[in-house]
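There are 2 protein chains.
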Amino acid sequence: MTETRGERKERTRRAILDAALALCEESSLVALSLRQVAKEVGIVPTAFYRHFDSIEALGLALVDESFVSLRAMLLDVRRSNPGFDHTIDSSIGILVEHVHRQRAHFMFIARERAAGPAQVREAINREIKLFEHELATDLARLPGTAAWSSDDLRILSGLIVTAMVATAEAILRSPGRPDVEKQIVEDARVQLRMVLVGALNWRSRS
Amino acid sequence: MTETRGERKERTRRAILDAALALCEESSLVALSLRQVAKEVGIVPTAFYRHFDSIEALGLALVDESFVSLRAMLLDVRRSNPGFDHTIDSSIGILVEHVHRQRAHFMFIARERAAGPAQVREAINREIKLFEHELATDLARLPGTAAWSSDDLRILSGLIVTAMVATAEAILRSPGRPDVEKQIVEDARVQLRMVLVGALNWRSRS
DNA sequence: AGTTTGAGTGTACGTTCGTACACCGAAAAC
DNA sequence: GTTTTCGGTGTACGAACGTACACTCAAACT
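So the sequence lines, in the order shown, correspond to chains D and C.
Mapping the first sequence onto the working numbering, position 140 (from 1) lands on 140, and the numbers just tick up by one.
Quick note: to get the working numbering, add 1000 to the position in the second sequence (first position is 1).
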């Protein structure tokens, strides 16, 4: 006996999560059947219930798991902060790297945010709001934003998050086309720079 | 006899499109069955094939239809252009109005863009790219962008479209909460103003 | 050593699915 | 007036669906 009971259960749970992530890649959670997942994992359909009450519950677990990845990304961004205005290039580089490494998670979030079961959609949008809030507090530490209202900071970080989500989605939409991706990334850089120029000149005219 | 054969067919076709739009509102095209649609319309399942080859083909028709609405919106924006920098307020007002009047279409696009069948996703993203391009040519006519490269114009309009799509999605996510919606709209205004400030100061520093 | 627990099994049900096929009946074409 | 066209019908099928229920059997507990 090399495996305890809990370990074995956890292993099956993981297999279910992975199978679901892979299977719904070309459609959506709402089109995913419990039987497909069970077949992919290699268990009998009813065994699914030993781990999740429903596909929706499975979805919520996947949301949690996915946002662990995303928070790791934000940590990377914070940690790598070079203090320069290479910040933009560095941050986008980290985004791109995480999108590639956690491709399935990013695709899951992008899809289910708009099309998942209601609870899943809400969970995702709640997490993204949190994300925006965290970015806002990071931005507040940057020089030049001292005079900004907290509303303006929130709105700016909303804009940045929106642009970065769109960039991630665009990258996911162009798999195996390095030239296209290069263009997307370059565009994202310019967009962030434009926003930054707007930010630096903000308040000076209003 | 008050109806020709073609008219009757068109009426059924419309009923199918409307039923599909309504039925997939809480899930997605990929989870929509031909039989549900047929039942909703009041025809027998096999009669569906008289109008569409598949649910996917139906989806493509819905994309076409939805983007007719969206182009109407762009026309409204162009027509109403007050020449002032009330342009932002005016444009956002038009966006909000269209989102409310074509709620189902906007929701369809937002959902299926990320989660629909492959062809539907591609069709939607192609149309959005077109949208960005049209906006770019509009922007080129604005004062102050004379010295801009066509790349920068394209990138700027991409940023604006992204922000407006996100705004529309946020509005759709907050139905029947006028206060929340007011905040979303106000934030969108500020975001556009920030971007505008960035645009006006662009090139002057790079 | 004996008992309990619980992940996974196997069968069995009623429902819904897409679609094949033969058919109908009135508008359209001749 | 006869024939053709074609939107819609009705039946019928095998497959997949969620889930209820009774089961096994090894690890975990006592």
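Built from N, CA and C at the ideal position, the CB exists for glycine as well.
Note that the structure is a prediction, hence the values are computed from the model and not measured.
Shown here for C:L1058: same chain residues with a beta carbon closer than 6 Å to its own, the five before and five after excluded, namely A1020, F1052 in chain order. In chain order, L29, P117, Q119, V120 place their CB closer than 8 Å to the CB of D:E56, counting only its own chain and leaving out the 5 sequence neighbours on each side. Take C:S1174, set aside five residues on each side of it, and the residues of its chain with a beta-carbon closer than 6 Å to its own are V1180, E1181, in chain order. DSSP places D:V96 within a helical segment (H, G or I) once states are collapsed to three.
Contiguous alpha helix (DSSP H) elements confined to the segment 1137–1177 of chain C occur at 1150–1173, taking only those with 4 or more residues.
By the rule that beta-carbons nearer than 7 Å mark a contact, D:R79 does not touch chain C. Scanning chain D for C-beta atoms nearer than 9 Å to the C-beta of C:L1156 yields V190, Q191, M194, reported in chain order. In the same chain as C:A1136, and ignoring 5 residues on each side of it, the C-beta atoms closer than 7 Å to its own belong to L1153, R1154, S1157, in chain order.
Think of a sphere of 7 Å around the beta carbon of C:T1046: no beta carbon from chain D falls inside it, the nearest being about 23 Å out.
Rounded to whole angstroms, D:E127 and C:I1016 show a C-alpha spacing of 37 Å. Counting only Cβ-Cβ distances below 7 Å, D:D187 has contacts in chain C at I1155, G1158, in chain order. Of all C-beta pairs linking the segment 91–100 of chain D to the segment 143–153 of chain D, fewer than three are shorter than 8 Å, placing the two stretches out of contact. Your pair C:A1114 and D:A168 does not check out as a contact, with CB atoms roughly 12 Å apart and the cut at 8 Å. Rounded to whole angstroms, C:E1122 and D:E7 show a C-alpha spacing of 42 Å. CA-CA distance, C:D1064 to C:R1111, rounds to 15 Å. Close partners of C:A1057 in chain D (Cβ separation under 9 Å) are lacking, with about 17 Å as the shortest Cβ gap.
Check the Cα spacing between D:V190 and each of C:L1139, C:G1198, C:L1032: the tightest is with C:G1198. One Cα belongs to C:F1048, the other to C:A1038, and the distance between them is close to 6 Å. For D:F67, the uninterrupted alpha helix (DSSP H) segment begins and ends at 55–80.
C:E1026 counts as exposed, since fewer than 16 other C-beta atoms from the protein chains shown sit within 10 angstroms of its C-beta. Close to chain C, meaning a Cβ-Cβ distance shorter than 8 Å, are the following residues of the segment 97–113 of chain D: A110, R111, E112, R113. With respect to the C-alpha of C:L1060, the residue from C:F1108, C:H1133, C:W1202, C:V1185 having the closest C-alpha is C:F1108.
In the structure shown, D:P117 adopts coil according to DSSP, grouped into three states. The beta carbon of D:A163 is closer than 8 Å to those of A188, Q191, L192, V195 in its chain, skipping five residues each way along the sequence. For D:E132 and D:V165, the gap between their C-alpha atoms comes out near 11 Å. Annotated as distal: D:I160 and D:I171, with beta-carbon spacing of 7 Å or more.
With 16 or more other Cβ atoms inside 10 Å of its own Cβ, D:L70 counts as buried. In the structure shown, C:E1181 adopts helical secondary structure according to DSSP, grouped into three states. For D:K9 and D:R35, the gap between their C-alpha atoms comes out near 19 Å.
It is roughly 13 Å from the alpha-carbon of D:D151 to the alpha-carbon of D:R203.
Annotated as distal: D:S91 and D:V68, with beta-carbon spacing of 7 Å or more. Minimum Cα-Cα distance from D:A22 among the listed residues D:R5, D:T12, D:V41 corresponds to D:V41. One alpha carbon belongs to D:D89, the other to C:T1012, and they sit about 54 Å apart. Within the same chain, G144 come within 8 Å of D:L200 by CB-CB distance, once the 5 residues on both sides are set aside.
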